[in-house]
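Engineer: Converting from the sequence shown to this note's numbering requires adding 17 to each position, the first position being numbered 1.
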Amino acid sequence: MQASQISSNVLNGIGDNLNKQITQQSLDTLEKQDVKVSANEIEGLTNPVKVADKQVHKVKDHQGNGNASFLMFMPVWISSIVASILLFFAFRTSDNIKISHRLIASLGQLGVGVLTAFIGGFGYVYFMSAVQGFDFPDINKIAVFVSIALLGFIGLILGVMT
């Protein structure tokens, strides 16, 4: 169940409980004071809280029922693991080379990691949009976000591996 459905159910439940409590308190107060209320007037005392649902950002067609972010996470995570392992083995250094060579290898690893992240991020988002038919509101912003996420995961994994 999505968070929006859960929050909608919770808020509707709160509204219903408020209505029950206020109605019961009103009826108890009227009974204690021995006030006679006609059937027409009792309607104003019952259900005084009005609950209105309004969807702010409706899910459109071809958005995976709002689950696109969940569908996108696993491929991004797996591709960052693969890219990190490939970068680690491609640029790993031994202990008997100079520091300048290690620095050049580290900068090369960083450059290839950034390039991989942006190619992977934009490629994946454009693939989902063109081939799978997902409808993204702003495809470039999402592609940049996915690229930054890929770069962050690659950096995290490479930092742990080295």
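Quick reminder that beta carbons are idealized off the backbone N, C-alpha and C, glycines included. All values reported here derive from a predicted model rather than from experimental measurement.
(1) Pick from 64, 142, 31, 24: whose alpha carbon is nearest that of residue 154?
(2) If I follow the unbroken alpha helix (DSSP H) through residue 158, where does it start and stop?
(3) What number of angstroms, rounded off, separates the C-alpha of residue 47 from the C-alpha of residue 41?
(4) Buried or exposed: where does residue 22 fall if 16 or more other Cβ atoms within 10 Å of its Cβ makes it buried?
(5) Quick check on the DSSP output: the alpha helix (DSSP H) that includes residue 144 runs from which residue to which?
(6) When the Cβ atoms of the segment 92 to 112 are set against those of the segment 165 to 177, are three or more pairs found closer than 8 angstroms?
(7) Give the straight-line distance between the Cα atoms of residue 139 and residue 71, rounded to the nearest whole angstrom.
(8) Going along the chain, which unbroken runs of the alpha helix (DSSP H) with 4 or more residues stay wholly within the segment 32 to 72?
(9) Looking at residue 64 and residue 34, is the spacing between their C-beta atoms short of 8 angstroms?
Structural biologist: The answer reads as follows:
(1) Taking the sequence shown and counting its residues from 1, one reaches residue 154 at position 137. Among 64, 142, 31, 24, the Cα nearest to that of residue 154 belongs to 142.
(2) As a position in the sequence shown, residue 158 is number 141, starting the count at 1. That run of the alpha helix (DSSP H) goes 156 to 178.
(3) What you label residue 47 is simply residue 30 of the sequence shown in a count that begins at 1. What you label residue 41 is simply residue 24 of the sequence shown in a count that begins at 1. Spanning the two alpha carbons is a distance of roughly 10 angstroms.
(4) As a first step, residue 22 is located in the sequence shown; it is residue number 5 there, counting from the start. Exposed: under 16 other Cβ atoms inside 10 Å.
(5) For the purposes of this step, residue 144 is taken as residue 127 along the sequence shown, with counting starting at 1. Unbroken alpha helix (DSSP H) run through residue 144: 116 to 147.
(6) yes
(7) The residue given as residue 139 occupies position 122 in the sequence shown. The residue given as residue 71 occupies position 54 in the sequence shown. Approximately 34 angstroms between the Cα atoms of the pair.
(8) 56 to 62
(9) As a working note, residue 34 is residue 17 in the sequence shown. As a working note, residue 64 is residue 47 in the sequence shown. Contact: no.
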